[in-house]
Amino acid sequence: MDAIKNRRSVRDYDLTKKVSYATLVELCRYAESAPSARNQKGREYIIIDDEKVIAELSLVSKGSMVLSKCNTVLAIIGKNREELSTPQMLDQDLACAVENVLIAATSMHLGSCYIGIHPIEDRVAACDEILGITGGAHTFALIAIGYPLEETVFYDKEKLDEASIHHNRY
Ligand SMILES: Cc1cc2nc3c(=O)[nH]c(=O)nc-3n(C[C@H](O)[C@H](O)[C@H](O)COP(=O)(O)O)c2cc1C
């Protein structure tokens, strides 16, 4: 539970340290443990540790510039919707996987940052081109992963505004 409360977006990484490939595969396992509509298995993953590819991805949007300060990225890929049983739910399936990765990374004392790609079409097209994605699949999100440069300073303020909780009806 602490990993959920302590998760924060990390934007500065120690580039002298690398997350092992095996750890990144383990993060994909956590991602795939997320629920999916009718268990449709519409997710794929790309582990990226090639500096050139990361540099290209960092230029996709203003928000993706944080990638220039990390050495590992996990791309969350949505499969071709035409091949899925519940294509309308694919985005939720993918977002569930992203959150699992962020929480799992926190529990492994790794930093992470969600970089939003889908549904902004030019970002999706740019990532798909860089990553060589074809066949109707698409980039949903990128996640920066790495060892935080500094120990994360957790906000000590409560994030939940209790006014956002309603009881029985809105
Ligand atoms: C859908 C989505 C897209 C995001 N895109 C970016 C992004 O492009 N670049 C970035 O630095 N952070 C991005 N973030 C991270 C948010 O800025 C961050 O979660 C928010 O400021 C709250 O901070 P925290 O994660 O430390 O609690 C994104 C988060 C979400 C959920």
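Quick note: the sequence shown uses the numbering used here, first residue -2, plus one each step. Just so it is clear, CB atoms sit at the ideal spot from N, CA and C, and this is done for glycine as well.
1. Say the cut is 7 Å; is the CB of residue 5 nearer than that to a heavy atom of ligand 1?
2. For a test of the three-state rule: what should DSSP assign to residue 235, helix, strand or coil?
3. On the three-state DSSP scale, how would you describe residue 141?
4. Roughly how far, in whole angstroms, is the beta-carbon of residue 28 from the beta-carbon of residue 77, given that I think they are within contact range, below 8 Å?
5. With C-beta atoms as the reference, is residue 125 less than 8 Å away from residue 135?
6. Measuring alpha carbon to alpha carbon, tell me which residue in 23, 104 and 62 is nearest residue -2.
7. Could you spell out where the alpha helix (DSSP H) holding residue 120 opens and where it closes?
8. Residue 109 by DSSP, collapsed to three states: which one?
9. Are residue 145 and residue 42 close, meaning C-beta to C-beta below 8 Å?
10. Is residue 73 near residue 138, with beta carbons less than 8 Å apart?
11. Can you tell me the Cα-Cα spacing of residue 102 and residue 70, whole angstroms?
12. Sorry if obvious, but does the Cβ on residue 58 come closer than 7 Å to a heavy atom of ligand 1?
13. Measuring straight from C-alpha to C-alpha, what distance separates residue 164 and residue 53?
14. How would you call residue 1, buried or exposed, if buried means at least 16 neighbouring beta carbons within 10 angstroms?
15. Please state if the CB of residue 161 and the CB of residue 140 are separated by a distance shorter than 8 Å.
16. Any heavy atom of ligand 1 closer than 7 Å to the Cβ of residue 1?
Answer, in terms of the structure:
1. yes
2. Only positions -2 to 167 of the chain appear in this structure, which leaves residue 235 out of reach.
3. strand
4. Rounded, the Cβ-Cβ distance is 19 Å, inconsistent with contact.
5. yes
6. 104
7. 118 to 128
8. strand
9. no
10. yes
11. 12 Å
12. yes
13. 47 Å
14. exposed
15. no
16. no
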